[in-house]
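Those protein sequences? They're chains A and B, same order as listed.
What the first sequence shows, in the working numbering, is residues 430 to 909, in sequence order.
What the second sequence shows, in the working numbering, is residues 3 to 239, in sequence order.
Each residue gets a CB set at the ideal place from its N, CA and C atoms; glycine is no exception.
Data first, discussion second: the structure below is written as structure tokens.
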Amino acid sequence: MGKRSQNHADLPLKMVGSTSFGRYPKISIEETYNFIISDEWLVPSSGFKKVLEISRIDQGRGIFASDKYNHLVVVIGNEVFIIDTSFFTKISIGLIDTLVGDVFMSENHKSQIAICDKKDIWIFDYAASTFTKANLGTSFLPGYIDFQNGRFIAPNLLDQTWRLSAIGDGLTWPFDSHSVGTFQTKGDLPQACIRVPGGGNQLLVIGNIVTELWTDVGAQLFPYQRSSAYNIDYGCINQATIAASDKFVIWLAANEKSGPAIMLFGQGGFEQISNDGINFKLASLKHPEKSYGFLFKQDGHLIYQLTFYDAEDNFTYAFDFNTKAFFSFTDEKMNCHVAKRVVYFDNTYYFVSLAGGDLYELNSEYLTYDGEVIPRIRIPPTLRLPDSSPFIANNLTFVIEQGQPNADKYNDVSRIDVSCSYDGGQSFSGNFGVDMNPLAQRKNRVVVWNLGLANELIPQFRFWGTGRFVVGNGALSIYQ
Amino acid sequence: MTYLARELIADAYYLSAIVSKSFQTVSGEQESSGLRLLNVVLGNKASDKRLIPYFSQYTVNAVIGQEQYFIPHLIEPETFTFNIGPIRYQTSKTARNAYFGSARADNVKALPLRWHTERTLGGSNLFVYFLPTGVYVFKIWGKFSLDDVAVNTDLSTLFDTYYTNYLTYELAQYICDSYGVPLPPNVATNLIALRERTRDESPIDLSVRKNSRFSRQFGLNYGQINLGQGWTPFNSM
């Protein structure tokens, strides 16, 4: 332990934090990869494990969990499968006409599961064991499909109408005043019709630049009535980013005056949840339309995961509703996270992947990505004194638990790679490896000595290992 | 093993805690600044002679009739002898007051039996008396100031490890001073200890040489000068 000079001080090292970088690096490059916050500690985000190999050629397009039917429905390429999760067996039930693109699914109160590939609506009737394409005519190109009060509901991507199926029959989509709603607030095309979770008969009809709130009032002529005193002046960039759960509907929004932002509609109304830094990042997107979003819960934390998968963008952000914080999720190679669509079924989350045609289980018990080490990184906010005067960083320290519970005790050597930026986050030094103690020693304090002279210092910590990392806050010891 | 001045400078920056060994490298600007400071450290030893680790010999040929000789880098003469062939002749070191302030015949050429040095820019001036009557080989033992080094100078050819280690700590102190930050306390403690050890590494010779006031030898007089010309014994006190 080195001696301390009289003018020694400790700066708080905020190891527990989220992805809350600023607009420019000088403001902050604070970022957290593949961790979330729980009780003021950093804890691992969920890993995953492949549970069923479906296709080595095609990509997963959509997944749906039917509690009534007690099966998963998965679309891989142009093939539709039902999967029994008890034995992880797959049965092909039919082919659709498209090979790529987003697929949306919903089920009605009968035995029909509707599958919409933004070209057709296919109805799988598991009671009759039939797989049939609905006759939509030539003037109806369906989008995001949902179910409410006995009817399937889908927007018509060709014009400003949205359509209702016949009650209990997804194969029939009448073209009459009882079944055709019209987008009215702006000259816009509807992209999705979403039942408001916890909202009773409320329905959000989301366009490109505006969103209308409708309510199923059971009127004779047309069952839905538009809220004349309320609308949301944002539409959505991509239907595939829309997710609904608990009491929320959330999506990647924009309008004719504003760039992309993450918007939330809940019981408190409508609000933007993305911060300055995230909005700046979203504004610089090259292909915001190439995106996916979904909601899932990790150990009680409701998380909205939004992925921009184009190679020019290639990142994933996760918003934790519990802590109101963003985190960055990646795959094992620091590309965007591979989960495309997630469903909760039989007490487990399953997803189809951007990276292939297999089925994966998402679970916080898994601490690897199907055996691959998860890159977990924490970049705390910039450390500087109020007057930005230079200081010598004598050491930094924080508390950690590592190696548990399922790390390979023979082969897994947990390590933290530390690097530092002395130029306001523009560049980082090479890595300095801190090997973790063997699990049995249970020593839990990371100390890095002699970090040099700086007037602003940003350490970066990369946690390597197949076990659990639990990280607490720390301090930077300085003197002048 | 080769130990370049560049490596010493880098080690000093790491010791000073201004540059992190784990995360940073010494920049070119820091290196050139460190080299300048290292040469200042080395140069300052000319005024802190006890921290110069080695005594050295310097030889120069006498010039007939010349009293003053410039000895570059000489800062602490300890002995002065001259040779005539294989025979080494002893001389007497004379204090400034006695050398410059006493009566003498300035034009006598004989064996140079008394000497005195005065520090001057870049070294010392050696004064000898009598004026040499031949081309004798003067040999001066003493401490000489340390030469400047370049970044690629191999310090292992100039200094022992203990001394380069001491120089590293000393340079770290200078670097901290130039940045306006304190030397890390543990480094400062080590620096004090290293200074103490290095200071006593090559002490001056304090052995006592007795001069009797009741010697049977005669003192220096014109007879000695004109007849003996230094070849006959006399009391040089």
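Which bits of chain B does S858/A rub up against, with CB to CB less than 9 Å? S22, S24, F25, Q26 and T27
List, in order along the chain, the chain B residues whose C-beta lies closer than 8 Å to that of G881/A? A19, I20, V21, S22, F25 and Q26
Is the beta carbon of S720/A less than 7 Å from the beta carbon of T670/A? yes
Taking all protein chains shown into account, do 16 or more other C-beta atoms lie within 10 angstroms of the C-beta of T163/B, making it buried, or fewer, making it exposed? exposed
Does the contact criterion of 3 or more C-beta pairs under 8 Å hold for the segment 577 to 597 of chain A versus the segment 645 to 657 of chain A? yes
Given a threshold of 16 other Cβ atoms within 10 Å of its Cβ, counted over all protein chains shown, does A768/A qualify as buried or as exposed? buried
Below 7 Å between beta carbons is the criterion; list the residues of the segment 164 to 184 of chain B that meet it against any residue of chain A, in chain order. Y181, V183 and P184
Under 7 Å between the Cβ atoms of L600/A and S674/A? no
Which whole-angstrom value describes the C-beta separation of F780/A and A494/A, a residue pair presumed to lie in contact below a C-beta threshold of 8 Å? Their Cβ separation, rounded to whole angstroms, is 11 Å, which puts F780/A and A494/A out of contact at 8 Å.
Residues in its own chain within less than 8 Å of R201/B by CB, not counting five upstream and five downstream? R52 and L53
Amino acids of chain B, ordered along the chain, whose beta-carbon sits closer than 8 Å to that of F861/A: S24 and F25
In chain B, which residues lie with their C-beta within 9 Å of the C-beta of C849/A? S22, S24, F25 and Q26
Ordered list of beta strand (DSSP E) runs contained in the segment 71 to 132 of chain B, each at least 3 residues: 76 to 86, 89 to 92, 116 to 122 and 125 to 131
Use the C-beta contact count for G530/A: other C-beta atoms within 10 angstroms, 16 or more gives buried, fewer gives exposed. exposed
Candidates N127/B, L128/B and L115/B: which alpha carbon is nearest T135/B's? L115/B
Assign A12/B to one of three DSSP states: helix, strand, or coil. helix
Environment of P184/B [buried if 16+ CB atoms lie within 10 Å]: buried
Selection of the segment 888 to 903 of chain A by Cβ proximity to chain B, strictly under 8 Å: none
Please state the DSSP three-state secondary structure of V503/A. strand
C-beta atoms of V634/A and P652/A nearer than 7 Å: no
Between the beta-carbon of G489/A and the beta-carbon of G800/A, is there less than 7 Å? no
Which word fits Y771/A, buried or exposed, when buried means at least 16 other C-beta atoms lie within 10 angstroms of its C-beta? The sequence as given places Val at residue 771/A; Tyr does not occur at that position. Its Cβ being crowded by 16 or more others within 10 Å, V771/A is buried.
Measure the C-alpha to C-alpha separation of T745/A and L160/B and round it to an integer number of angstroms. 60 Å
Give a yes or no on whether 7 Å exceeds the smallest Cβ distance from I458/A to chain B. no
Own chain, CB closer than 6 Å to V151/B, minus 5 neighbours either side, in chain order: A7
Could you check whether the Cβ of G30/B sits closer than 7 Å to any Cβ belonging to chain A? no
Outcome for M763/A when other beta-carbon atoms lying within 10 angstroms are tallied against a minimum of 16: exposed
In chain B, which residues lie less than 7 Å from I574/A when you measure between Cβ atoms? By Cβ distance, chain B contributes nothing, its closest Cβ being about 54 Å from I574/A, past 7 Å.
I need the straight-line Cα distance from A740/A to I505/A, nearest angstrom please. 22 Å
When DSSP labels each residue in this structure, what does F709/A get in the three-state scheme? helix
Is there a Cβ of chain B sitting closer than 7 Å to that of I821/A, yes or no? yes
Given F516/A as reference, the closest of Q541/A, L481/A and I486/A once Cα atoms are compared: L481/A
Would you kindly work out how many angstroms separate the C-alpha atoms of E536/A and I542/A, rounded to a whole number? 4 Å
Enumerate in chain order the residues of its own chain whose CB-to-CB distance from F735/A is below 8 Å, with the five nearest sequence positions on each side excluded. It should be noted that the sequence gives Leu, not Phe, for residue 735/A. Excluding positions up to five away in sequence, the list reads T670, L681, I691, S720, Y721, G722, T745, Y746, A747 and F748.
Please classify D179/B: does DSSP put it in a helix, a strand, or coil? helix
I think Y171/B touches L148/B, with their Cβ atoms under 8 Å apart; what is that distance to the nearest whole Å? With a Cβ gap of about 16 Å, Y171/B and L148/B do not count as contacting.
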